[in-house]
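Sequential numbering from 2 applies to the sequence shown in the numbering used here.
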Amino acid sequence: MIEIQALTKYYGARRVVGPISISIAKGEIVGLLGLNGAGKTTTLRILACDLLPSSGSVRVDGLDVVDNPDEVRARVGYLPDAPPLYDEMTVGEYLVFAARLRGLGQEDAEARVEEVLVSTQLDRVRDDVISTLSHGFRQRVGIAQAVVHRPRLLVLDEPISGLDPVQIVEMRELVRNLRHHHTTIISSHILSEISETCDRILVIRDGEIVAAGTEAELSSRLVEGAEVVVTVRGDAGQAKRLLASVKGVTAVEPVDATEPGADISSFRVEAERDVRQELCRALVLGDVALLGIAKNDRELESIFLRLAQPESKNGAEVQA
Ligand code: ADP
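Structural data, given as structure tokens:
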């Protein structure tokens, strides 16, 4: 659906995007994840034919964005970071207007707007003036105008930014429901906001894709070794010694107990591999009561930050 080959974008002598080469399959929902200034908006604008690349090729549905911009635009629905809304129009009027702009005839536009009002759950505000809408509804209208001409590719620039937690859940559902009709690329600077929505995440740093995969793949590549939290009842000193004696364990540190109660303590255990079985055996043989043992999931955001930060601050390097 999208084929990007050696894409670059320069502003003056400064390269802000690329070189990027990546393919996106039909029906995929892909997240473009990066800190502010990483090059997300520039990349999306090139895909939406809103900006020309400096070099390389970008093909949407087999059509080149430089050679066939009009055909590409007809296939792309774009929600920019600031949605192009007309505040004085009602939602319904604006969507018909947006559909007409994209070449639909009046009747077709009106019929299509009826469908879109339902699929984006805007039906009950169809007669509201856009300036009176909440931020969440404005974003919905932004998505509705992007899908009104039935584009094959949907490009959403930070659609979740500024939404509250309830609106984020609604937006996720909306994007997932639209997947049957569109290939979607969606940008964000917050991993947890898009990790559930997207099939694949591309991490962009200084204009280049530095990692690609599902959230689980990204985290397993970055988290070396294994970390567990062990909770015991009894002699904390004895427990710590037993845990540290297991082969492969590199660190044992007391942490806040995972449950209340006298004589209960918890430890964070770092190891070169998954040593949960050996830890259990050591505690049982040492006569310490084992109450719980759980994998310690690293904070998603910290994984992302390690990937996304400029190399000078970043110990880990992961290939896309
Ligand atoms: P993001 O969307 O990830 O925040 P952008 O694509 O907006 O990043 O910007 C990438 C880099 O390109 C930034 O350093 C930004 O300052 C620069 N940039 C964006 N637009 C222009 C422009 N029109 N002229 C010069 N530099 C620009």
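For each residue, glycine too, the CB sits at the ideal point set by N, CA and C.
If you're wondering where the values come from, they're calculated on a predicted model, not measured in any experiment.
For E89 and R101, I'd like the C-alpha separation in whole angstroms. 18 Å
Out of curiosity, what's the CA-to-CA distance linking Q320 and F138? Note that Q320 scores a pLDDT of 43, beneath 50, so its modelled location is shaky; the value from the coordinates is reported in the next line. Q320 and F138: Cα-Cα distance of roughly 39 Å.
Using only the heavy atoms of ligand 1, determine whether one of them is closer than 6 Å to the beta carbon of K41. yes
How do the stretch 28-35 and the stretch 228-248 stand: do at least 3 beta-carbon pairs fall below 8 Å, yes or no? No, because fewer than three Cβ pairs between the stretch 28-35 and the stretch 228-248 fall closer than 8 Å, the two stretches do not touch.
Taking the straight line between their C-alpha atoms, what separation do you get for H136 and V247? 54 Å
Could you tell me the alpha carbon to alpha carbon distance between V142 and L96, rounded to whole angstroms? 8 Å
Is Y79 close to ligand 1? I mean its beta-carbon at under 6 Å from any heavy atom of the ligand. no
T36 lies in the alpha helix (DSSP H); which residues open and close that run? Strictly speaking, residue 36 in this sequence is Leu, with Thr absent from that position. First-last for L36: undefined, no H or E at that position.
For G316, count neighbouring C-beta atoms within 10 Å of its own C-beta (all shown protein chains included) and say buried if the count is 16 or more, exposed if not. Note that G316 scores a pLDDT of 44, beneath 50, so its modelled location is shaky and nothing firm can be said.
Output the boundary residues of the alpha helix (DSSP H) element that contains S193. L192 to I195
Please classify L286 as buried or exposed, where buried requires at least 16 other C-beta atoms within 10 Å of its C-beta. exposed
Per DSSP, what kind of secondary structure is L123 in: helix, strand or coil? Three-state result, L123: coil.
Rounded to whole angstroms, what's the CA-CA distance from L134 to Q122? Just pull it up for me. 14 Å
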